[in-house]
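Below is one structure, written out as structure tokens, with a few remarks after it.
2 protein chains.
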Amino acid sequence: MTPRTGTRPMPDLSASFPGPFPVSPHAADTAGQLERWLAAYPLVASERARAALCDITGHGVARTFPAADPAGLELCADLLLWLTAFDDAYGEQTGAADPGALVARVAGAVHVLNGRRPPGGGDVFCAALADALARLGERAAPERFLRVAAAVRDSLYGLVWEAHALAAGGRVGVPEYRAMRPHTVFVATVTALAEPVLGYELAPAARASSPVRELESAVADLAGWINDLASYDRERARAGGAEPFGLPTLLAAAEGYGIDKAFAAVCALCEEEAGKARARIVELTAAGGPVAAHARALEGVAASYVWHIGHRRYDGG
Amino acid sequence: MTPRTGTRPMPDLSASFPGPFPVSPHAADTAGQLERWLAAYPLVASERARAALCDITGHGVARTFPAADPAGLELCADLLLWLTAFDDAYGEQTGAADPGALVARVAGAVHVLNGRRPPGGGDVFCAALADALARLGERAAPERFLRVAAAVRDSLYGLVWEAHALAAGGRVGVPEYRAMRPHTVFVATVTALAEPVLGYELAPAARASSPVRELESAVADLAGWINDLASYDRERARAGGAEPFGLPTLLAAAEGYGIDKAFAAVCALCEEEAGKARARIVELTAAGGPVAAHARALEGVAASYVWHIGHRRYDGG
Chain A
1 MTPRTGTRPM PDLSASFPGP FPVSPHAADT AGQLERWLAA YPLVASERAR
51 AALCDITGHG VARTFPAADP AGLELCADLL LWLTAFDDAY GEQTGAADPG
101 ALVARVAGAV HVLNGRRPPG GGDVFCAALA DALARLGERA APERFLRVAA
151 AVRDSLYGLV WEAHALAAGG RVGVPEYRAM RPHTVFVATV TALAEPVLGY
201 ELAPAARASS PVRELESAVA DLAGWINDLA SYDRERARAG GAEPFGLPTL
251 LAAAEGYGID KAFAAVCALC EEEAGKARAR IVELTAAGGP VAAHARALEG
301 VAASYVWHIG HRRYDGG
Chain B
1 MTPRTGTRPM PDLSASFPGP FPVSPHAADT AGQLERWLAA YPLVASERAR
51 AALCDITGHG VARTFPAADP AGLELCADLL LWLTAFDDAY GEQTGAADPG
101 ALVARVAGAV HVLNGRRPPG GGDVFCAALA DALARLGERA APERFLRVAA
151 AVRDSLYGLV WEAHALAAGG RVGVPEYRAM RPHTVFVATV TALAEPVLGY
201 ELAPAARASS PVRELESAVA DLAGWINDLA SYDRERARAG GAEPFGLPTL
251 LAAAEGYGID KAFAAVCALC EEEAGKARAR IVELTAAGGP VAAHARALEG
301 VAASYVWHIG HRRYDGG
């Protein structure tokens, strides 16, 4: 662990993800395109929140897929921003206060994911999702489209699951939380976008192989857990001092730890997953071909989540 | 409309789906295989319910896909029985009483759909789903597998949506109900199984074409609505005389109809959808090739739902 500017330690990823991370030359353009997309589809009411979200998402995806073409970055940024804005508007505490309303909103998105018009035409979130999926459909063959659409469904289901968990007091076991966290942090969707955005194709056997699955799993765990660490103080302040729903709190409850000890344990877990991810990246990159492309893509996914937590969105704002 | 044995009218489908419907010679074998599958995966506690469910599902899929090979029928029967048993165990009133418990159960299934082990290993429903999906994976190329898996996700999401709607008093608008009903009656999953089970393949343009989408939509509406009509008395009796959650009740509320008038209106809607479906079946069958195979498959899907409602599961049992 290394201390950071705030009061709490963060994992030391300097051995596994040392940075600086490659960044696409289209980063600023992607952020600007997001501003224009949100002018057409006003998903975020607050101007300040909108600017921060366009900035972190545009510059984030430019680190996720630094080699992607501008249209690919734009698609990835739009879908990721859509999920984040949907979560901000209807998920978390809003969803916990009225899970049925969240469930009905997600149902609208499910119709769009099936290429159907939602009842009543749907809201601006439905329209924006339809726009992004139309571009995905032009770029991605059916199998890839279906894989991304499944990941979006699972991300939305993750928000529904989280709202119910929060409504019930936020007491879920660590294994259950760990299994759902890749969906609620959207890393499964970002990973599913790698193939259509970067233009490689994993063979079924490679996709099902242990090294690929372990790499994806390690990156997914790392993404969720460092987000939990980085957002802990902000979310605790928002909740008036109540423990936020995340791995530090759940691990503390499960193990009888104080929060400092739980934080240290989560830092250690992050370092462990980062080490596993790096080992698999080295192994798969050496193998060459599509698995090497996939390993480099997952390296970018991990790097972008590591980069994310230094953004001002996490500075108690 | 024509009267049936019960007290209420049912739609007259004699012009559009006159029957008798073709039936696979493997019908009884499929029902027997389901009994053996449920011995390995005890999804249904009551022996009487288990026997009825194996019978209706085995003989039903034998009418859905009469030309399918035994392994294809078995797969289709297992997945359809799995969804029905899951709904009986965790959905409807049980789900409405504790939507969070249903949401957690569905989360387990989502992990299985992603080829992952659920936290704690999962329950017998997870194990049975994994078994069926493994066979689907052997039979279906990735695109088809993903299409079926998306439909299963949507069916499960439909149960979550329905549980929340029931918990809130069952007052949803007719367009919202109509949009979700294909998922809760599982017809979207059955339709997605047609290609891997029967071995034809729709081209993307054909799948997106108006005639194909209108046929699928008409069959989906018909399946849900005749089920609502056929199960009305049984569900009303179960609920101690309260109006069941279904199109007759919702249409009555929306239009200010008495239940007899609503029943007549739903019968007319069913006859209209059946007529639309038949016209598209004639049109697509004449076109030949994969769309003709798809039209014949959808004809079987419609026929099996029409056949279903005459089964003893709907005789107030």
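Keeping their order, the protein sequence lines are chains A and B.
Residue numbering for the first sequence follows full-length UniProt numbering, beginning at 1 and increasing consecutively.
Residue numbering for the second sequence follows full-length UniProt numbering, beginning at 1 and increasing consecutively.
We put the CB at the ideal spot given by N, CA and C, even for glycine.
Neighbour flag for residue i against chain A, beta carbons, 8 angstroms
i: Leu298 of chain B; result: no
i: residue 327 of chain B; result: Nothing can be reported for residue 327 of chain B, as the shown portion of chain B is limited to 1 through 317.
i: Val301 of chain B; result: no
i: Gly169 of chain B; result: no
i: Pro175 of chain B; result: yes
i: Pro18 of chain B; result: no
i: Tyr305 of chain B; result: no
Interface partners of residue i on chain A, CB under 7 angstroms
i: Val110 of chain B; result: Asp154, Tyr157
Chain B contact residues for residue i, given Cβ-Cβ distances below 8 angstroms
i: Leu146 of chain A; result: Glu143, Leu146, Arg147, Ala150
i: Met180 of chain A; result: Ala107
i: His164 of chain A; result: Pro99, Gly100, Val103, Ala104
Test: residue i CB closer than 8 angstroms to a CB of chain B
i: Gly60 of chain A; result: no
i: Glu214 of chain A; result: no
i: Pro99 of chain A; result: yes
i: Trp161 of chain A; result: yes
i: Val219 of chain A; result: no
i: Val103 of chain A; result: yes
i: Met10 of chain A; result: no
i: Pro3 of chain A; result: Note that Pro3 of chain A scores a pLDDT of 42, beneath 50, so its modelled location is shaky; the value from the coordinates is reported in the next line. Cβ-Cβ to chain B under 8 angstroms: no for Pro3 of chain A.
i: Asp315 of chain A; result: With a pLDDT of 49 at Asp315 of chain A, under the threshold of 50, the modelled position of that residue is not reliable, and the figure given next carries that caveat. Taking Cβ atoms only, chain B never reaches closer than 8 angstroms to Asp315 of chain A, which makes this a no.
CB-CB length for residue i against residue j, believed under 8 angstroms
i: Cys76 of chain B; j: Val197 of chain B; result: 5 angstroms
i: Cys126 of chain A; j: Pro118 of chain A; result: 5 angstroms
i: Trp161 of chain B; j: Leu129 of chain B; result: With 8 angstroms as the limit, Trp161 of chain B and Leu129 of chain B do not qualify as a contact, their Cβ atoms being about 20 angstroms apart.
i: Tyr305 of chain B; j: Asn227 of chain B; result: 7 angstroms
i: Val282 of chain A; j: Ala206 of chain A; result: Contact flag wrong, Cβ pair sits at about 17 angstroms.
i: Leu251 of chain A; j: Val174 of chain A; result: 6 angstroms
i: Asp29 of chain B; j: Pro70 of chain B; result: 6 angstroms
i: Leu193 of chain B; j: Leu79 of chain B; result: 7 angstroms
i: Gly100 of chain A; j: Ala168 of chain B; result: 5 angstroms
i: Val190 of chain A; j: Thr94 of chain A; result: The pair is not a contact, with the Cβ atoms about 23 angstroms apart (cut-off 8 angstroms).
i: Leu166 of chain A; j: Ala96 of chain A; result: 4 angstroms
i: Asp154 of chain A; j: Ala188 of chain A; result: 6 angstroms
Contacts that residue i makes with chain A (C-beta to C-beta distance below 9 angstroms)
i: Ala279 of chain B; result: Near Ala279 of chain B there are no residues of chain A at all, since even the closest Cβ is about 21 angstroms away, more than 9 angstroms.
Chain B contact residues for residue i, given Cβ-Cβ distances below 7 angstroms
i: Gly120 of chain A; result: Pro175
### Segments assigned alpha helix (DSSP H), at least 4 residues, entirely inside the stretch 222 to 264 of chain B
247 to 255
### Query
For the stretch 7 to 43 of chain B, which segments carrying the beta strand (DSSP E) assignment without a break, of at least 3 residues, lie completely within its bounds, in sequence order?
Listed in chain order, nothing qualifies, since the stretch 7 to 43 of chain B has no complete beta strand (DSSP E) run of 3 or more residues.
### Query
Whole alpha helix (DSSP H) runs in the stretch 161 to 197 of chain A with 4 or more residues, listed along the chain?
Correct list: 174 to 184.
### Message
So within the stretch 43 to 82 of chain A, which uninterrupted beta strand (DSSP E) runs reach at least 3 residues, ignoring any that extend past its ends?
### Response
If one requires a minimum length of 3 residues, no beta strand (DSSP E) run lies completely within the stretch 43 to 82 of chain A.
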